[in-house]
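S.K.: Let me give you the structure first, and then I'll get to my questions.
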Amino acid sequence: MSSTVLHDMGVAQLAAALRGGQVSAVEAAQHFLARAKSHQHLGAYVALNEDATLAQARAQDASIAAGTAAPLAGVPIAHKDIFVTRDFPTTAASRMLAGYRSPFDATVVARLAEAGCVTLGKLNCDEFAMGGTNENSAVAPVGFDAPRPVRNPWDGARVPGGSSGGSAAAVAARLAPAVTGTDTGGSIRQPASFCGVTGIKPTYGRASRYGMIAFASSLDQAGPMARSAEDCALLLSAMCGPDPDRDSTSLDRPAEDFGRALGDSLEGLRIGVPAEFFGEGLAADVHAAVDAALKEYEKLGARLVPITLPRTDLSVPVYYILAPAEASSNLSRFDGVRYGYRAKDYADLLDMYKKTRAQGFGDEVKRRIMIGTYVLSEGYYDAYYLQAQKLRRMIADDFQAAFKECDLIAGPVAPTTAWRLGSQNDPVANYLADIYTLPASLAGLPGMSVPAGFGEGGLPVGLQLIGNYFQEARLLNAAHRLQQATDFHLRAPEGI
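In the UniProt record's numbering, the protein residues as written are 1 to 496.
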């Protein structure tokens with residue numbers, strides 16, 4: 001099989017070729033490892049282990065030959081550096097965890113391995129998943145001696161989005177057919193939009209958080225990113241399922257086939273269009289691409305329904321109280337005592353704590369820890385944290401009211417296309433860019449980004465689809481039908 005054809009194949013195509021003997025798992029792994037090394041300038045990978053990867057590939061070739069292969073046997077995958085892995089270092093893109101090796105695999109990593117996936121390596125991200133640009137990484141990518149931001153494959157002068165920027169860039173540049181990401185406030189959907197790939201965040205609790213380094217425990221959720229909705233359905237089906245012994249937030253719902261509805265008619269499907277997602281601040285080129293995608297849905301038989309999500313504007317202050325509060329608690333474990341970075345020179349235990357955390361954490365992580373500690377402190381807890389929790393419930397109630405009028409909700413993922421590296425120096429401006437992704441995260445709803453066209457400068461634009469709880473199969477079918485009618489998800493950046 002031509003190597004050019006190999007990296008242009010999606011997960012479903014590649015799995016079929018592997019089962020059919022057109023290519024071996026070792027050949028596929030070697031091809032993608034070579035691509036990872038030849039595209040080091042993008043900064044997508046932070047760790048490779050060729051020996052471990054090829055050992056996994058040989059094991060999958062043996063299972064295929066024996067007729068005992070799992071559904072995704074031999075399909076290469078790469079993991080966001082938030083998931084702990086035995087065969088690869090796990091840093092959460094932070095100096096605090098430099099050189100850390102986990103004695104076990106995260107549940108998501110283990111389940112994808114059980115499905116037959118072969119791990120290529122670990123992918124760059126914002127430190128502890130805090131950021132929307134991938135400019136907050138504190139670790140050096142493969143091929144570099146110092147930290148540097150991931151480059152967007154569509155324009156190397158622009159961000160890939162974050163925090164799962166390395167994941168999105170790897171799929172867009174054909175460095176891996178499948179990747180994992182995490183979404184706390186939009187960190188799968190926004191980089192998927194910026195890089196022109198497909199990504200889905202399932203209902204909160206669908207995928208186990210065991211072995212996923214915590215940022216905000218009531219919001220963090222794992223999800224896949226790939227070229228197509230069909231590929232994401234295959235990956236999500238392998239990832240999800242209850243994990244009660246290791247994750248208390250894991251839902252007691254059995255694993256299911258999320259691709260079971262692919263190809264179903266959209267005739268009569270009611271797609272809610274929130275007025276709040278199309279107001280001031282939405283760039284004209286993004287608006288035009290999203291409108292064109294919605295018109296395509298009408299051609300497919302769906303009906304557009306005007307809806308309102310009145311507390312959308314409140315999602316930003318609510319999220320940036322709750323998420324930092326949980327981060328403040330979760331990151332208190334990194335103190336230099338048990339594992340991770342420790343300052344070299346200190347006078348006493350308190351001085352060691354202070355210097356370790358000052359030197360080990362980056363600016364954005366420190367900012368969120370400070371905000372979180374403040375809102376949890378005596379005298380401010382009721383005024384900030386408790387009120388934010390009440391508003392979070394109201395935001396979730398807004399969605400339930402909307403779902404009485406529609407089956408899915410559609411709109412933009414982000415107000416603009418990918419911005420230039422270094423251009424967003426104001427943290428508040430960065431936070432405001434999450435306005436369309438935060439509401440679904442706060443409500444714990446499934447959401448995804450689907451390639452919907454291109455804006456100015458040929459930069460990708462994603463369409464956000466949001467479903468009610470446990471409606472991932474419906475979401476994926478809606479995305480799949482749009483992808484059958486368009487080819488945006490098949491297009492690759494120039495030179496890739």
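Glycine included, every Cβ here is placed at the ideal spot set by N, Cα and C.
#1: Which residue from Arg338, Pro76, Ala358, Glu276 puts its Cα closest to that of Asp345?
#2: I need the DSSP call for Pro324, collapsed to helix, strand or coil.
#3: For Val142, which of helix, strand or coil comes out of DSSP?
#4: The alpha helix (DSSP H) that contains Val365, what's its start and end?
#5: So, for Leu14: in the same chain, excluding its five sequence neighbours on each side, which residues have a beta-carbon less than 7 Å away from its beta-carbon?
#6: Around the C-beta of Gly165, are 16 or more other C-beta atoms found within 10 angstroms, so that it is buried, or is it exposed?
#7: Could you tell me the boundaries of the beta strand (DSSP E) in which Pro451 lies?
#8: Tell me which same chain residues have a C-beta within less than 7 Å of the C-beta of Pro153, skipping the five on either side of it?
#9: Report the CB separation of Leu112 from Ala238 in whole angstroms; it is logged as a contact under 8 Å.
#10: For Gly467 and Tyr436, which I take to be in contact (beta-carbon distance under 8 Å), what is that distance rounded to the nearest angstrom?
#11: Under the DSSP definition of a beta bridge, which residues are partnered with Phe83?
#12: Does the count of Cβ pairs from the stretch 240-251 and the stretch 194-211 closer than 8 Å reach three?
#13: Quick check on DSSP: helix, strand or coil for Gly312?
#14: Are the CB atoms of Ala388 and Val318 nearer to each other than 8 Å?
#15: Ignore the nearest five residues each way along the sequence and tell me which others in Phe144's own chain have a CB closer than 8 Å to its CB.
#16: Can the beta-carbon of Val197 be found closer than 8 Å to that of Arg227?
#17: Rounded to whole angstroms, what's the CA-CA distance from Asp264 to Asn49? Just pull it up for me.
#18: Roughly how many angstroms separate the alpha carbons of Ala343 and Pro147, rounded to a whole number?
#19: Going by DSSP, name the residue or residues bridged to Gly462.
#20: Please name the residue, chosen from Ala17, Tyr341, Arg19, Ala443, that lies closest to Ala92 on a Cα-to-Cα basis.
#21: Quickly, what does DSSP pair Asn152 with across the bridge? List them, please.
#22: Among all the DSSP beta bridges, which residues are the ones paired with Ile409?
#23: Taking Asn330 as the reference, which of Trp419, Ser377, Ala216 has the closest Cα?
M.R.: According to the structure data:
#1: The count along the sequence shown starts at 1 and reaches residue 345 at position 345. Nearest option by C-alpha distance: Ala358.
#2: The sequence position of residue 324 within the sequence shown is 324, counting from 1. Reduced to three states, the DSSP call for Pro324 is helix.
#3: Taking the sequence shown and counting its residues from 1, the one referred to as residue 142 is at position 142. Residue state, collapsed to three classes: coil.
#4: Stepping through the sequence shown from its first residue, residue 365 is reached at position 365. Here the alpha helix (DSSP H) through Val365 covers 363-376.
#5: Taking the first residue of the sequence shown as position 1, residue 14 is located at position 14. The answer, listed in chain order, is Ala28, Val75, Pro177.
#6: On the sequence shown, residue 165 is found 165 positions in, with the first residue counted as 1. Buried is the call here.
#7: As a position in the sequence shown, residue 451 is number 451, starting the count at 1. Segment 447-454, the beta strand (DSSP E) holding Pro451.
#8: Taking the first residue of the sequence shown as 1, we reach residue 153 at position 153. Excluding residues within five positions, the ones whose Cβ falls inside 7 Å are Leu42, Ala169, Ala172, Ala173, Cys195, Pro493, Ile496.
#9: One-based indexing of the sequence shown puts residue 112 at position 112. One-based indexing of the sequence shown puts residue 238 at position 238. Confirmed, about 5 Å.
#10: The residue labelled residue 467 in the question sits at position 467 within the sequence shown. The residue labelled residue 436 in the question sits at position 436 within the sequence shown. Gly467 to Tyr436, Cβ: 15 Å. No contact.
#11: Residue 83 sits at position 83 when you count from the first residue of the sequence shown. DSSP output for Phe83 lists Met212 as bridge partner(s).
#12: yes
#13: Residue numbering aside, residue 312 sits at position 312 when the sequence shown is read from its first letter. Note on residue identity: the sequence assigns Thr, not Gly, to residue 312. The answer is helix: DSSP assigns Thr312 an H, G or I state.
#14: Within the sequence shown, the letter at position 388 stands for residue 388. Within the sequence shown, the letter at position 318 stands for residue 318. Against a cut-off of 8 Å, the Cβ pair of Val318 and Ala388 comes out as a contact.
#15: For the purposes of this step, residue 144 is taken as the residue at position 144 of the sequence shown. So the qualifying residues of the chain are Gln40, Gly43.
#16: Locating residue 197 in the sequence shown gives position 197, where the first residue counts as 1. Locating residue 227 in the sequence shown gives position 227, where the first residue counts as 1. In contact: Val197 and Arg227 (Cβ atoms closer than 8 Å).
#17: Taking the first residue of the sequence shown as position 1, residue 264 is located at position 264. Taking the first residue of the sequence shown as position 1, residue 49 is located at position 49. So the two alpha carbons sit approximately 41 Å from each other.
#18: On the sequence shown, position 343 is the one that residue 343 refers to. On the sequence shown, position 147 is the one that residue 147 refers to. So the alpha carbons of these two residues sit roughly 20 Å apart.
#19: In the sequence shown, counting from the first residue as 1, residue 462 sits at position 462. According to DSSP, Gly462 bridges with Pro451.
#20: As a position in the sequence shown, residue 92 is number 92, starting the count at 1. Out of Ala17, Tyr341, Arg19, Ala443, Tyr341 has the C-alpha closest to the C-alpha of Ala92.
#21: Counting from one through the sequence shown, the residue named residue 152 turns up at place 152. Paired residue(s): Asp155.
#22: Residue 409 sits at position 409 when you count from the first residue of the sequence shown. In the DSSP output, where bridge partners are listed per residue, Ile409 has Gly272, Ile466.
#23: Along the sequence shown, read from residue 1 onward, the residue named residue 330 stands at position 330. That would be Ala216, whose Cα lies nearest to the Cα of Asn330.
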